[in-house]
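Whatever position you read off the sequence shown (first residue = 1), add 18 for the numbering used here.
A short write-up of the structure that comes next.
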Amino acid sequence: MKNPSIRFTSPRRLRIPGGGGQPAFTVRLHQKASRLIALIETRTAVITSVTVTRHAHRWYASVLCTVHQHIPDQPTRRQRVAGRVGVDLGVKHRLALTGPLTLIPGQDPLTLIGKPHHLEATERKLVRAERQMSRRRVTGTKQQSKGYQEAKDRVAKLKARLAMHRATNLHLISKRLVQQYSEVALETLHVKGMTRSAKGTVDKPGRNVRAKAGLNRAILEASLTEFNRQIEYKARWHAVDIIRVPNWFPSSRLCSNCGWKDTTQTLKDRTFRCKECTMALDRDINAARNIKEHAVPVQ
Ligand SMILES: [Zn+2]
């Protein structure tokens, strides 16, 4: 389907033309598409195609556009003043930075970015819904009760919502980093190495630990891959250099102040304590400082 046959008839209505025996139809949008419409009206964006899909309880219209964008050949003044930031992508979705990051204009800048509250709340709801689903399941038969179906639908809805919130959150962070700094120092993505550290976060082994660790690990690895993908392409839009430390680099074991190496520390220690210079610092911030200091350009 080609532009201009796909068009917004109002900020909330998207007209999708017919074709291949299908009649044309209009979809009503959950949110206003004002920003996209403004881009289209100024000819900054041109709609190429639209894909309508369904995930759990919702329909999604994904509008693919060709966008004309000015790519700067050097960072802005603000970026240059801020310079380089070291980023530690830790376990449990915690992001530690060597400098402040303003996520939402007007709010306090952060150096430690945890999981947003709404994400945690949805995760808790999902755990409850999954428990309910398994309680209602009748084993040894294909015929399941209405209550089971309802619980299953609820699980699907929550999973879809979680996936959307996670993606939005990663997009926000990766965007702010490249807007506010001229160089971003990261660890080289090494998914296999993450497997071991994910295990180390499970403090109390219980019945479902194996399954839970598996799930958390899968989500964590997917998030890390996605974050790295996003920041790489966004860096090009803002003339930002991505630099990295090699994946064997012991960023969480070195003292960022004097270089002393801790060989006994476990992932449970939230604070890095140096036995050489007596520095005590949040473990992840210490790692971020090491990454900032030792990262080099990648070809
Ligand atoms: Zn030290």
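Positions of the beta carbon are idealized from the N, C-alpha and C atoms, including for glycine.
Item, Value
"Would the C-beta of Glu311 count as close to ligand 1, meaning under 7 Å from any of its heavy atoms?", "no"
"By the DSSP assignment, the alpha helix (DSSP H) with Gly165 in it spans what residues?", "Lys164 to Gln198"
"When we look at the beta-carbon of Ser80 and count the other beta-carbons within 10 Å, is it buried (16 or more) or exposed?", "exposed"
"Going by the C-beta, is Asn275 closer than 7 Å to any heavy atom of ligand 1?", "yes"
"Following the continuous beta strand (DSSP E) through Asp106, name the residue where it begins and the one where it ends.", "Arg102 to Leu107"
"Which full runs of the beta strand (DSSP E) of 3+ residues lie inside the stretch 228-294, going along the chain?", "259-263 and 289-291"
"Val314 bridges to which residues according to DSSP?", "Arg262"
"Please report the Cβ distance between Ala306 and Gly158, rounded to the nearest whole angstrom; I am assuming they are in contact, meaning their Cβ atoms lie under 8 Å.", "No, Ala306 and Gly158 are not in contact; Cβ-Cβ is about 52 Å, not under 8 Å."
"Just verifying my parser: in three-state terms, what is the DSSP assignment at Arg112?", "coil"
"Around the Cβ of Gln317, are there at least 16 other Cβ atoms within 10 angstroms (buried) or fewer (exposed)?", "exposed"
"Suppose only complete runs of 3+ residues qualify. What are the beta strand (DSSP E) ranges in the stretch 30-82, listed by chain order?", "31-34, 43-46 and 63-73"
"Is the stretch 172-180 touching the stretch 140-151 in the sense that three or more CB pairs, one from each, lie closer than 8 Å?", "yes"
"Within this structure, are the beta carbons of Asp302 and Ala114 separated by less than 8 Å?", "yes"
"Is it buried or exposed for Arg225, if we count other Cβ within 10 angstroms and need 16 for buried?", "In this prediction, Arg225 has a pLDDT of 42, which is less than 50 and means its spatial position is unreliable; what the coordinates show is noted afterwards. Arg225 is exposed by the Cβ-count criterion."
"Once DSSP output is grouped into helix, strand and coil, what is the label at Ile131?", "strand"
"Cutting at 8 Å between CB atoms, please list the residues of its own chain near Ala42, excluding the five before and the five after it.", "Arg33, Ile34, Pro35 and Gly36"
"Distance, Cα to Cα, Trp77 vs Tyr166?", "23 Å"
"Assign Val156 to one of three DSSP states: helix, strand, or coil.", "coil"
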